[in-house]
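Peer 1: In the UniProt record's numbering, the protein residues as written are 1 to 286.
Yeah, the Cβ is synthetic: ideal placement off N, Cα and C, and Gly gets one too.
The structure that follows is given in the form of structure tokens.
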């Protein structure tokens, strides 16, 4: 029988202490990864309290996705230097996973905000009245390649490229993509021409990949109409916004913005809700 000068506890007690089970401890012993401090002549295993930290570290590495074989290789050749290298590698992995979790949390918060915003417009059947809304802060929009066309094939191609970019670079913070329509074309009765697609992001400009095209959506007073149903049937909403600006002596901004509040994630097509808005400033008196 092996004998130790340090106090030991039985397998079940050690398992409870470390938040595991006896089966796991038996398996780790069988593969030579983590063995008891003492095994008596009857085969009973006993563990010492100073083994808790080793087991805890093994558990953390396993939860990070490190295979047991690699953990065992480290344990078999452990040293302060190898521990440092191991921990630095796993630290990088943890930081990447934390960044991903922060992105997911932001997406969840954004989606919750949109769902709650939509409740204020649940009585809208087709188009809401024109509303004046105050945007208190500038918004950063990641832009697609410029369009300025009504060619549907080009529009679809540019949209796919834009969605792909935002996905690859993790730029989407939960807002569905939107579209910008050029005000001068709309004033000429052209409701088919798109200027850009955009994705609203919470990143700063400095945090974006180099050469990313962006647009700063100004703070200010926006005339807005909420559209129920097909996102693309926005012609009447645009007419109302331009008419409202003209009737009230307001100077329209360069673009009308279309952005989904409820899309296919939360509703069928007839219940989609889209915000269509136009920056309005007071015209200077002559």
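Per DSSP, which one or two residues make a beta bridge with residue 144?
Peer 2: BP columns for residue 144 are empty, so no partner.
Peer 1: What do you get for residue 78, buried or exposed, if any count of 16 or more other CB atoms within 10 angstroms of its CB means buried?
Peer 2: That one is exposed.
Peer 1: Quick check on residue 246: does DSSP put it in helix, strand or coil?
Peer 2: It is helical.
Peer 1: In three-state terms, what does DSSP make of residue 264?
Peer 2: Looking at residue 264 - three-state DSSP - the assignment turns out to be coil, as it is neither helix nor strand.
Peer 1: Give the DSSP-derived three-state secondary structure of residue 126 in the structure shown.
Peer 2: Coil at residue 126, not helix or strand.
Peer 1: Measuring only the C-alpha atoms, how far is residue 128 from residue 225?
Peer 2: When rounded, the distance between both Cα atoms is 6 Å.
Peer 1: Spatial neighbours of residue 278 within its chain, please: C-beta separation below 7 Å, excluding the five flanking residues on both sides.
Peer 2: Excluding residues within five positions, the ones whose Cβ falls inside 7 Å are 222, 223, 241, 245, 252, 253 and 256.
Peer 1: In terms of DSSP beta bridges, what is residue 96 paired with?
Peer 2: According to DSSP, which records beta bridges pairwise, residue 96 is partnered with nothing at all.
Peer 1: Residue 170 and residue 103 - do their beta-carbons sit closer together than 8 Å?
Peer 2: Cβ distance < 8 Å, so residue 103 and residue 170 count as in contact.
Peer 1: Shortest alpha-carbon distance to residue 166 belongs to which of 138, 189, 186 and 203?
Peer 2: Comparing Cα-Cα distances from residue 166 to each of 138, 189, 186 and 203, the minimum goes to 203.
Peer 1: Excluding the 5 residues preceding and the 5 following residue 172 in the sequence, name in chain order all residues of the same chain whose CB lies nearer than 7 Å to its CB.
Peer 2: Answer for residue 172: 166 and 199, listed in chain order.
Peer 1: Using a 10 Å radius around the Cβ and a threshold of 16 neighbouring Cβ atoms, would you call residue 201 buried or exposed?
Peer 2: By the neighbour-count rule (16 or more Cβ atoms within 10 Å), residue 201 is buried.
Peer 1: For residue 9, write down the residues that DSSP places opposite it in a beta bridge.
Peer 2: According to DSSP, which records beta bridges pairwise, residue 9 is partnered with 47.
Peer 1: Taking the alpha-carbon positions, what's the residue 215 to residue 142 distance?
Peer 2: About 7 Å.
Peer 1: If you follow the alpha helix (DSSP H) that residue 28 is in, where does it begin and where does it stop?
Peer 2: Residues 22-30.
Peer 1: What are the boundary residues of the alpha helix (DSSP H) that residue 228 is part of?
Peer 2: Residue 228 -> not in any alpha helix (DSSP H); beta strand (DSSP E) instead, spanning 220-228.
Peer 1: Quick check: the region 143-150 against the region 86-104, are at least 3 beta-carbon pairs closer than 8 Å?
Peer 2: No: fewer than three Cβ pairs fall under 8 Å.
Peer 1: In this structure, how does DSSP classify residue 237 when only helix, strand and coil are distinguished?
Peer 2: Correct three-state label for residue 237: helix.
Peer 1: Which two residues bound the contiguous alpha helix (DSSP H) that contains residue 63?
Peer 2: 52-63 is the span of the alpha helix (DSSP H), which, as asked, contains residue 63.
Peer 1: For residue 44 and residue 30, I'd like the C-alpha separation in whole angstroms.
Peer 2: Their backbone Cα atoms lie some 14 Å apart in a straight line.
Peer 1: Looking at residue 274 and residue 174, is the spacing between their C-beta atoms short of 8 Å?
Peer 2: For residue 174 and residue 274, no; Cβs fall outside 8 Å.
Peer 1: Out of 217, 41, 189 and 168, which one is the CA nearest neighbour of residue 209?
Peer 2: Nearest option by C-alpha distance: 168.
Peer 1: Could you check where the alpha helix (DSSP H) with residue 212 kicks off and where it finishes?
Peer 2: From DSSP, residue 212 is part of no alpha helix (DSSP H); its letter is neither H nor E.
Peer 1: Note down the Cα distance separating residue 71 from residue 53, rounded to an integer number of angstroms.
Peer 2: Computed Cα separation, rounded: 14 Å.
Peer 1: Here's the rule: buried if 16 or more other CB atoms are within 10 angstroms of the residue's CB, otherwise exposed. What is residue 91?
Peer 2: Under this definition residue 91 is an exposed residue.
Peer 1: When the Cα atoms are used, what is the spatial distance from residue 109 to residue 211?
Peer 2: The straight-line gap from Cα to Cα measures roughly 28 Å.
Peer 1: When you compare each of 189, 233 and 158 to residue 196 by their alpha carbons, which one comes out closest?
Peer 2: Checking every option, the nearest Cα to that of residue 196 belongs to 158.
Peer 1: Can you look up residue 78 in the DSSP assignment and give me helix, strand or coil?
Peer 2: Residue 78: coil per DSSP, three-state reduction.
Peer 1: Does the distance from the C-beta atom of residue 262 to that of residue 118 stay below 8 Å?
Peer 2: Yes; because the gap between Cβ atoms is below 8 Å, this pair is in contact.
Peer 1: Can you say whether residue 228 is buried or exposed, counting buried as having 16 or more other CB atoms within 10 angstroms of its CB?
Peer 2: So residue 228 counts as buried.
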